[in-house]
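Since the structure comes first, as structure tokens, the remarks are kept for the end.
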RNA sequence: GCGCCCGUAGCUCAACGGAUAGAGCACCAGCCUUCGAAGCUGGGGGUUGGGGGUUCGAUUCCCUCCGGGCGCGCCA
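In full-length UniProt numbering, the protein residues as written are 1 to 570.
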């Protein structure tokens, strides 16, 4: 299906192309704020082909174009051909799209039902989640929703770090320094203490690392005691993670940790050997990647026979391909693992799994003002504390702004606003940049923040409730396109679908966030300047109600794609 | 040393290769007898890190230097 805004763009391009009378490639631009037009076509690139000055071309085209039903006029302005929409037809089109699609407004069929596996969150067992895990979890969840909205079949898989040498250190530390009472009280807290303790002790006595390695090998070989304890660690951790996922309202289709692939790595190694992709080197088994421009080889098996996360990621990818038959696999993992994924993807292609589109959706690290976060050195901010603080602050603000709400409602709003603020703070900026963690910034409840957007929804809903929650379906009154705020709102609503499309294509949720912020600004301006319930005529009132309903719907849908909920009151 | 990413207003961030580079925060001055002021309006603030290049046009693409981050064979 084609949305109205897209249709109008195509009309403009087609009309211009025909008027130009030659094979020319055209681009579209949005005119700056001061210019009274809805689209602009720069004529500078045509100068060479048409052998005329851009200004002349624009003038000639303005006179020659035959406009379609969604366009009102075309006029030259400098080297630009400026096009204005037929407001009445355009508004009717957008309102029609909104009414017809309802909660699906903005969706598209780019995915064609294909499967996309999204690997996200993936915290390490036996450690609390820190704010560092926030990005993967939230960006991954947003990409999940965005892909679903673009007619993909997303499969969310939480690839838990529940295997590897770290468990050797943990098992050693457990047997050496365990505080039994502390473990009973707070298992994950005690495991973290042991983890930190081991690191400190091993600095003094490196031989501890050998002992840890022994424990790791015992675990990999199926030693019953090691297995039993390991399972216990995983169970405690999962319970702790689940509390956070519940708060964040994030769900997964699968939680297949690294350990799930324990028995699938042998086959991978055999395959790689038979295919001649893997070779022995210094006792280890490696895959050379120089031929594809990667100097560092991927290590499939250590010289002591143990597997590595490379091996598990390889087995994981192959399992996913065989089980789910995905068109794409997304890895929502920090940019510090770039090389790892380049190696992984290159190796998969060498092994004949080149039909899948592998994407490392990377993002910058969250750092502390004093430097990189380090769980081992206790320099870490726990996610749970951040979420609790966000809800507490939101709760205080609700109390101040809206004391007449019932206590349960205040609690609910505090959750929606507080958690929303955290998610939005992350999703509203380009994921490639590093973030220096700052309580005030992450927990901001004013300015460009989730509550600002949620408040537009609340205001819109307020009007709709007073109107009896009935959205008129009348033909849209052309009078309701006349003022600047009205027209700005209509065009803004019309742009939403293409923003969704771009966000999916580029794996950039922040495009949706930026759009919604702009929509909120436009709506607040509309709300301030344009009376709805007290409009001069009944026709105006009914059409403006449609606009308000559209704004509420797009805000709810758009925030929903980011995993942010909206309250009815706040 | 080599490779990748980032550098935009005092701070935090936007900006399909297009017109006068925009927001939020902070600061200053206004707006509640009209749908919720978690809102709106106005104001000051910029050699887009420096220097070259490509282009009709560069914050955007290329080169180089500076600054920061990350990575570079048996951790994940």
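We put the beta carbon where it would ideally sit given N, CA and C, even for glycine. These numbers were taken from a predicted model, which means no experiment stands behind them.
Report all residues from its chain with a CB closer than 6 Å to the CB of residue 168; omit the five preceding and five following residues, and keep chain order.
For the purposes of this step, residue 168 is taken as the residue at position 168 of the first chain. Answer for residue 168: 212, 213, 215, 216, listed in chain order.
C-beta atoms of residue 394 and residue 425 nearer than 8 Å
Walking along the first chain from the start, residue 394 turns up at place 394. Walking along the first chain from the start, residue 425 turns up at place 425. No, Cβ-Cβ distance for residue 394 and residue 425 is not below 8 Å.
- Query: Going by beta carbon distance, what residues of the same chain come within less than 8 Å of residue 70, once the five residues before and after it are set aside?
  - Reply: By 1-based counting over the first chain, the position of residue 70 is 70. If we look at residue 70 and ignore the five residues flanking it on each side, its Cβ neighbours are 4, 7, 8, 11, 85, 86, 89, 90, 93.
In chain order, what residues of the same chain have a beta carbon less than 6 Å from the beta carbon of residue 551, not counting five sequence neighbours either side? To locate residue 551, count along the first chain from 1; it is residue 551. So the qualifying residues of the chain are 460, 523.
Among residues of its own chain, excluding the 5 on either side of residue 345, which ones have a beta-carbon nearer than 6 Å to its beta-carbon? The sequence position of residue 345 within the first chain is 345, counting from 1. Closer than 6 Å at Cβ, skipping near neighbours: 358.
Taking the straight line between their C-alpha atoms, what separation do you get for residue 150 and residue 142? Translated into positions along the first chain, residue 150 becomes position 150. Translated into positions along the first chain, residue 142 becomes position 142. If I take the Cα positions, the gap works out to 12 Å.
Check: So residue 29 and residue 65 are in contact, right, with Cβ under 8 Å, and what is the actual spacing, rounded?
Finding: Residue 29 sits at position 29 when you count from the first residue of the first chain. Residue 65 sits at position 65 when you count from the first residue of the first chain. Not quite, the Cβ-Cβ distance comes to about 17 Å (not below 8 Å), so this is no contact.
(Q) Measuring only the C-alpha atoms, how far is residue 233 from residue 505? (A) Walking along the first chain from the start, residue 233 turns up at place 233. Walking along the first chain from the start, residue 505 turns up at place 505. Cα to Cα, residue 233 sits roughly 39 Å from residue 505.
* Asked: In whole angstroms, what separates the C-alpha of residue 83 from that of residue 495?
  -> Translated into the one-based positions of the first chain, residue 83 becomes position 83. Translated into the one-based positions of the first chain, residue 495 becomes position 495. For residue 83 and residue 495, the distance between alpha carbons rounds to 16 Å.
Same chain only: Cβ atoms within 8 Å of residue 194, ignoring 5 sequence neighbours per side = What you label residue 194 is simply residue 194 of the first chain in a count that begins at 1. Around residue 194: 170, 173, 174, 177, 178.
* Asked: Grouping DSSP H, G and I as helix and E and B as strand, with all else coil, what is residue 282?
  -> Here the question's residue 282 lines up with position 282 in the first chain. Three-state result, residue 282: coil.
**the segment 259-279 contacting the segment 129-136, beta-carbon criterion three pairs below 8 Å** = no
Q.
Using a 10 Å radius around the Cβ and a threshold of 16 neighbouring Cβ atoms, would you call residue 128 buried or exposed?
A. Here residue 128 refers to the residue found at position 128 when the first chain is read from its first residue. Looking at its Cβ environment, which holds 16 or more other Cβ atoms inside 10 Å, residue 128 is buried.
- Backbone CA spacing between residue 485 and residue 37 [nearest angstrom]: As a position in the first chain, residue 485 is number 485, starting the count at 1. As a position in the first chain, residue 37 is number 37, starting the count at 1. Using only the alpha carbons, I get a separation of about 15 Å.
query: Excluding the five sequence neighbours on either side, which residues of its own chain have a C-beta within less than 6 Å of the C-beta of residue 283, listed in chain order?
result: Counted from its first residue, the first chain places residue 283 at position 283. 303, listed in sequence order.
Pop quiz: residue 399 and residue 410 are said to be a contact at Cβ under 8 Å. What is the actual Cβ separation, rounded to whole angstroms? Sequence index remark: in the first chain, residue 399 carries index 399 (1-based). Sequence index remark: in the first chain, residue 410 carries index 410 (1-based). Rounded, the Cβ-Cβ distance is 7 Å, consistent with contact.
Worksheet entry | residue 520 vs residue 456 beta-carbon contact at 8 Å | The count along the first chain starts at 1 and reaches residue 520 at position 520. The count along the first chain starts at 1 and reaches residue 456 at position 456. Contact flag set, yes.
Handout entry: Whole-angstrom C-beta distance between residue 568 and residue 417, which should lie under 8 Å
Key = The residue given as residue 417 occupies position 417 in the first chain. The residue given as residue 568 occupies position 568 in the first chain. Rounded, the Cβ-Cβ distance is 13 Å, inconsistent with contact.
request  = Tell whether a beta-carbon distance below 8 Å holds between residue 554 and residue 489.
outcome  = The residue you call residue 554 lines up with position 554 of the first chain. The residue you call residue 489 lines up with position 489 of the first chain. Against a cut-off of 8 Å, the Cβ pair of residue 489 and residue 554 comes out as no contact.
Checklist line | Every unbroken beta strand (DSSP E) within the UniProt domain "Arginyl tRNA synthetase N-terminal" (3-85), with a cutoff of 3 residues, ordered by chain | finding: 39-42, 71-77, 80-85
### Task
Kindly give me the distance between the Cβ atoms of residue 466 and residue 405, rounded to whole angstroms, as I take these residues to be in contact under 8 Å.
Counting from 1 along the first chain, the entry for residue 466 is found at position 466. Counting from 1 along the first chain, the entry for residue 405 is found at position 405. Incorrect: roughly 18 Å between the Cβ atoms, too far for contact.
Pick from 293, 312, 295, 292 that is closest to residue 301, judged by C-alpha positions: Counted from its first residue, the first chain places residue 301 at position 301. Among 293, 312, 295, 292, the Cα nearest to that of residue 301 belongs to 312.
- [ ] Count the CB pairs spanning the segment 106-124 and the segment 323-332 that are closer than 8 Å, and state whether there are at least three.
- [x] yes
Reducing DSSP to helix, strand and coil, say where residue 571 ends up. In the structure as shown, the chain begins at 1 and stops at 570. Residue 571 is therefore absent and cannot be evaluated.
Margin query: With DSSP as the reference, identify every bridge partner of residue 357, one or two as the case may be.
Written below: The sequence position of residue 357 within the first chain is 357, counting from 1. According to DSSP, residue 357 bridges with 328.
*Under 7 Å Cβ to Cβ from residue 209, same chain only, skipping five residues before and after it: list those, please.*
For this step, residue 209 is matched to residue 209 along the first chain. So the list reads 202, once near-sequence residues are dropped.
Check your understanding: Where does residue 567 sit, in a helix, a strand or coil, going by DSSP?
Key -> Indexing the first chain from 1 puts residue 567 at position 567. Residue state, collapsed to three classes: coil.
Leaving out the 5 sequence neighbours to the left and right, which residues in its chain are closer than 8 Å to residue 348 when beta-carbon positions are compared? Here residue 348 is taken as the residue at index 348 of the first chain, counted from 1. Answer for residue 348: 314, 317, 318, 354, 356, 358, listed in chain order.
Taking just the CA atoms, how far does residue 250 sit from residue 390? Numbered from 1 along the first chain, position 390 holds the residue referred to as residue 390. Numbered from 1 along the first chain, position 250 holds the residue referred to as residue 250. Roughly 17 Å between the two C-alpha positions.
- [ ] Under the assumption that residue 130 contacts residue 383 (Cβ atoms under 8 Å), give the Cβ distance between them as a whole number of angstroms.
- [x] The residue labelled residue 130 in the question sits at position 130 within the first chain. The residue labelled residue 383 in the question sits at position 383 within the first chain. With a Cβ gap of about 6 Å, residue 130 and residue 383 count as contacting.
Query raised in the report: Around the C-beta of residue 207, are 16 or more other C-beta atoms found within 10 angstroms, so that it is buried, or is it exposed?
Result: Taking the first residue of the first chain as 1, we reach residue 207 at position 207. Residue 207 should be labelled exposed.
| In the DSSP assignment, what are the bridge partners of residue 254? | In the first chain, counting from the first residue as 1, residue 254 sits at position 254. DSSP, once it has assigned bridges, lists 157 as partnering residue 254.
Checklist entry - With which residues is residue 116 paired in a DSSP beta bridge? => result Here the question's residue 116 lines up with position 116 in the first chain. Bridge partners of residue 116: 154, 328.
Next on the checklist: Considering just the uninterrupted stretch of the alpha helix (DSSP H) at residue 217, what are its terminal residues?
Outcome noted: Working through the first chain from its first residue, we reach residue 217 at position 217. Segment 207-220, the alpha helix (DSSP H) holding residue 217.
- Task: Could you check which residue in 440, 421, 350 has the C-alpha nearest to that of residue 563?
- Result: For the purposes of this step, residue 563 is identified with residue 563 of the first chain, where counting begins at 1. For residue 563, the nearest C-alpha among the options comes from 421.
Using DSSP with H/G/I as helix, E/B as strand and the rest coil, what is residue 303?
As a first step, residue 303 is located in the first chain; it is residue number 303 there, counting from the start. Coil, per DSSP.
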